[in-house]
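> Protein chains in written order, with this note's numbering: chain A, 2 to 197; chain B, 2 to 197.
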DNA sequence: ACCTGAACACCGTTCAAGT
DNA sequence: ACCTGAACACCGTTCAAGT
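Rendered as structure tokens:
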């Protein structure tokens with residue numbers, strides 16, 4: 002494994018183990034078997050290393066979505082699996098999820114991250130279109146609908162992770178809330194064709 | 002103004018000016034006219050100071066929501082205003098918004114923050130119930146529906162702020178996406194009563 | 001009760017130097 | 001081309017001491 006990949010893997014492992022504050026260049030170097038400033042030979046700075054982790058994760062999520070899309074499941078099932086994939090990713094790697102989808106530091110998408118973000122969204126959008134074609138989702142602009150669905154699952158995950166959506170308030174969890182969302186969208190489809 | 006309030010105000014101003022990384026205790030102390038470790042006499046540590054800023058902001062947002070709820074506008078209009086308030090808050094104070102709704106550090110809500118979170122959600126939920134009563138939103142569990150709506154606006158804002166929802170992809174902005182969401186929920190209401 | 005200045009450990013980053 | 005060790009500036013936190 003090249004040193005660059007070792008550094009990215011070490012940073013990802015440290016994120017899982019102790020959150021972003023655990024990712025010091027000294028710890029990364031130690032875990033990768035190099036000195037604490039070797040990373041500067043491969044990345045501009047610490048943020049660039051974290052950005053590389055995010056790009057790799059997003060590419061991985063895109064690949065997982067592609068698997069789902071190419072499966073033989075019914076469209077509605079594919080959508081559920083796609084949404085569940087996002088939820089599971091957050092459950093397994095909360096700090097990396099936060100980096101991936103909630104960190105404004107990499108708002109100007111560049112290079113690998115931009116590429117990964119595009120292919121990830123395209124996969125998701127394709128599944129949404131399949132659902133529309135199958136009559137499971139309303140016939141509105143598919144890109145906007147995809148953005149809306151993804152924003153909803155992301156918002157639910159985010160609010161729960163940040164403790165703002167506690168069950169104490171009587172709130173449902175992420176999965177039941179999403180199920181309601183999908184059910185309401187199906188009803189909207191029905192409501193838009195009263196003559197059917 | 003008490004020193005404690007000065008510290009919170011200074012931290013909030015620094016967040017607006019330069020993001021979280023600009024909020025060093027030395028800078029906070031300087032802005033409040035005290036030494037760099039005076040904050041420790043009022044807050045356990047830096048995180049506790051940031052948490053106090055979040056609690057104050059959430060209380061402010063709750064007060065703004067209360068104004069909307071008590072206004073004479075129609076329910077649908079109140080909902081739009083409530084959602085717009087969240088969007089505007091992020092536009093004016095992105096770093097504080099991030100702290101308020103996306104920071105997992107304060108996931109264990111305590112004291113002021115917990116109180117503020119509850120009253121904020123209650124106000125929002127009341128408006129959602131008014132919309133249901135007026136037939137503008139589907140008759141599903143109001144708390145879940147409120148959570149879903151808030152998660153959607155938060156997810157849209159978050160993804161846009163973190164650069165993951167660029168227009169380049171053909172995506173609509175936060176406001177048009179939300180308008181679609183509300184429109185689809187109205188259609189769902191219609192689809193659930195085919196006999197009306 | 002509230003504050004200060006010095007000190008400590010730690011970190012990101014830079015630089016001169018090594019192979 | 002890739003890496004290292006020393007050094008710098010900065011920060012959160014602690015502590016002894018001041019009023």
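Cβ coordinates follow ideal geometry from the N, Cα and C atoms, glycine included.
Mind checking residue 38(B): buried by the 16 CB within 10 Å criterion, or exposed?
Taking the second chain and counting its residues from 1, the one referred to as residue 38(B) is at position 37. Exposed: under 16 other Cβ atoms inside 10 Å.
> Under 8 Å, do residue 204(A) and residue 164(B) count as touching if we go by C-beta distance?
This structure cannot settle anything about residue 204(A), because the visible part of chain A is limited to 2 through 197.
> Under three-state DSSP, which class holds residue 171(B)?
The residue you call residue 171(B) lines up with position 170 of the second chain. Residue 171(B) falls in the coil class under three-state DSSP.
> Can you tell which of 79(A), 30(A), 156(A) has the C-alpha that lies nearest to the C-alpha of residue 175(A)?
Taking the first chain and counting its residues from 1, the one referred to as residue 175(A) is at position 174. Ranking 79(A), 30(A), 156(A) by Cα distance to residue 175(A) puts 156(A) first.
> By the three-class DSSP mapping on this structure, what secondary structure does residue 20(A) have?
Residue 20(A) sits at position 19 when you count from the first residue of the first chain. Residue state, collapsed to three classes: coil.
> Is residue 103(A) close to chain B? Criterion is C-beta to C-beta, closer than 8 Å.
Numbered from its first residue, the first chain carries residue 103(A) at position 102. Yes, because at least one Cβ of chain B sits closer than 8 Å to the Cβ of residue 103(A).
> Leaving out five residues before and five after residue 56(A) in sequence, what residues of the same chain have Cβ atoms less than 6 Å from its Cβ?
The residue given as residue 56(A) occupies position 55 in the first chain. For residue 56(A), where only same-chain residues beyond five positions count, the Cβ hits under 6 Å are 113, 114, 117.
> Pull out every residue of the stretch 145-166 of chain B whose Cβ sits closer than 9 Å to any Cβ of chain A, in chain order.
145, 146, 147, 148, 149, 151, 152, 153, 154, 155, 156, 157, 158, 159, 160, 161, 162, 163, 164, 165, 166
> What residue does the alpha helix (DSSP H) around residue 110(A) start on, and which one ends it?
The residue labelled residue 110(A) in the question sits at position 109 within the first chain. Counting along the chain, no alpha helix (DSSP H) covers residue 110(A), and no H or E run does either.
> Curious, which full-length beta strand (DSSP E) runs of at least 3 residues does the stretch 25-83 of chain B contain?
Inside the stretch 25-83 of chain B, DSSP marks no whole beta strand (DSSP E) run of 3 or more residues.
> Give the DSSP-derived three-state secondary structure of residue 106(A) in the structure shown.
Looking up residue 106(A) in the first chain gives position 105. Looking at residue 106(A) - three-state DSSP - the assignment turns out to be helix.
> Name, please, each residue of chain B whose Cβ falls closer than 9 Å to the Cβ of residue 122(A).
As a working note, residue 122(A) is residue 121 in the first chain. Ordered by position in chain B, the residues that pass the 9 Å Cβ test against residue 122(A) are 165, 166, 170, 172.
> Could you check if residue 192(B) is buried or exposed, using at least 16 other CB atoms within 10 Å of its CB as the buried criterion?
Here residue 192(B) is taken as the residue at index 191 of the second chain, counted from 1. Classification of residue 192(B): buried, given that the 10 Å Cβ count is 16 or more.
> Have a look at residue 145(B) and residue 170(A) and give me their C-alpha separation to the nearest angstrom.
On the second chain, residue 145(B) is found 144 positions in, with the first residue counted as 1. On the first chain, residue 170(A) is found 169 positions in, with the first residue counted as 1. Going by the C-alpha atoms only, they are around 10 Å apart.
> Using a beta-carbon distance below 8 Å, is residue 193(A) in contact with chain B?
Translated into the one-based positions of the first chain, residue 193(A) becomes position 192. At least one chain B Cβ lies under 8 Å of residue 193(A).
> Do residue 178(B) and residue 103(A) have their beta-carbon atoms positioned less than 8 Å apart in this structure?
Position 102 of the first chain, counting from 1, holds the residue named residue 103(A). Position 177 of the second chain, counting from 1, holds the residue named residue 178(B). Cβ distance not < 8 Å, so residue 103(A) and residue 178(B) don't count as in contact.
> Here's a check: name, in chain order, each residue in its chain whose Cβ is nearer than 6 Å to the Cβ of residue 153(A), leaving out the five neighbours to either side.
Numbered from its first residue, the first chain carries residue 153(A) at position 152. Excluding sequence neighbours, residue 153(A) sits near 182.
> Evaluate the contact criterion for the stretch 19-29 of chain A versus the stretch 60-74 of chain A: three or more CB pairs, one atom per stretch, below 8 Å.
no
> Could you confirm whether any beta carbon from chain B is found closer than 8 Å to the beta carbon of residue 139(A)?
Residue 139(A) sits at position 138 when you count from the first residue of the first chain. It does: the Cβ of residue 139(A) has a partner Cβ on chain B nearer than 8 Å.
> Give the interface partners of residue 99(B) over in chain A, defined as CB-CB distance under 7 Å, in chain order.
Stepping through the second chain from its first residue, residue 99(B) is reached at position 98. Here the neighbours are 105.
> Looking at the secondary structure, which residues open and close the alpha helix (DSSP H) in which residue 145(A) lies?
Sequence index remark: in the first chain, residue 145(A) carries index 144 (1-based). Going by DSSP, residue 145(A) is part of the alpha helix (DSSP H) stretching over 143-162.
> Tell me, please, whether the stretch 39-50 of chain A touches the stretch 72-86 of chain A by the rule of three or more beta-carbon pairs shorter than 8 Å.
no
> With H, G and I counted as helix, E and B as strand and the rest as coil, what does DSSP make of residue 97(B)?
Counting from 1 along the second chain, the entry for residue 97(B) is found at position 96. Under the three-state reduction of DSSP output, residue 97(B) falls in the helix class.
> Is the Cβ of residue 119(B) closer than 8 Å to any Cβ of chain A?
Position 118 of the second chain, counted from the start, is the residue given in the question as residue 119(B). So yes, residue 119(B) belongs to the interface.
> Taking 8 Å as the threshold, find out whether the stretch 133-147 of chain B comes into contact with the stretch 119-136 of chain A through three or more Cβ pairs.
no
> Under 7 Å between beta-carbons, which chain A residues line up against residue 109(B)? List them in chain order, please.
What you label residue 109(B) is simply residue 108 of the second chain in a count that begins at 1. Going along chain A in sequence order, the residues near residue 109(B) (Cβ under 7 Å) are 164.
> Specify the secondary structure class of residue 136(A) as computed by DSSP and reduced to three states.
Your numbering for residue 136(A) matches position 135 in the first chain. Residue 136(A): coil per DSSP, three-state reduction.
> Check distances from the C-beta atoms of the stretch 180-192 of chain B to those of chain A and list, in chain order, the residues that come in under 9 Å.
181, 182, 184, 185, 186, 187, 188, 189, 190, 191, 192
> From residue 109(A) to residue 12(A), what does the alpha carbon distance come to, in whole angstroms?
Taking the first chain and counting its residues from 1, one reaches residue 109(A) at position 108. Taking the first chain and counting its residues from 1, one reaches residue 12(A) at position 11. Cα to Cα, the separation comes out at about 21 Å.
> Is the CB-CB distance between residue 16(B) and residue 100(B) below 8 Å?
Here residue 16(B) is taken as the residue at index 15 of the second chain, counted from 1. Here residue 100(B) is taken as the residue at index 99 of the second chain, counted from 1. If you check the CB distance, residue 16(B) and residue 100(B) come in under 8 Å.
> What do you reckon, is the C-beta of residue 79(A) under 7 Å from a heavy atom of the ligand PLP?
You won't find the ligand PLP in this model; it holds no ligand whatsoever.
> Within 10 Å of its beta-carbon, does residue 126(B) have 16 or more other beta-carbons around it, so buried, or fewer, so exposed?
Within the second chain, residue 126(B) is the residue found at index 125, counting from 1. Under this definition residue 126(B) is a buried residue.
> Here's the rule: buried if 16 or more other CB atoms are within 10 angstroms of the residue's CB, otherwise exposed. What is residue 190(A)?
In the first chain, the residue the question calls residue 190(A) occupies position 189. Buried, since its Cβ has 16 or more Cβ neighbours within 10 Å.
> Are the C-beta of residue 200(B) and some C-beta of chain A separated by less than 8 Å?
Residue 200(B) lies beyond the residue range present for chain B, which begins at 2 and ends at 197; the question has no answer from this structure.
> For residue 21(A), collect the residues of the same chain with a Cβ closer than 8 Å to its Cβ; drop the 5 residues on either side in sequence, then sort them by chain order.
In the first chain, the residue the question calls residue 21(A) occupies position 20. If we look at residue 21(A) and ignore the five residues flanking it on each side, its Cβ neighbours are 51, 96, 99, 100.
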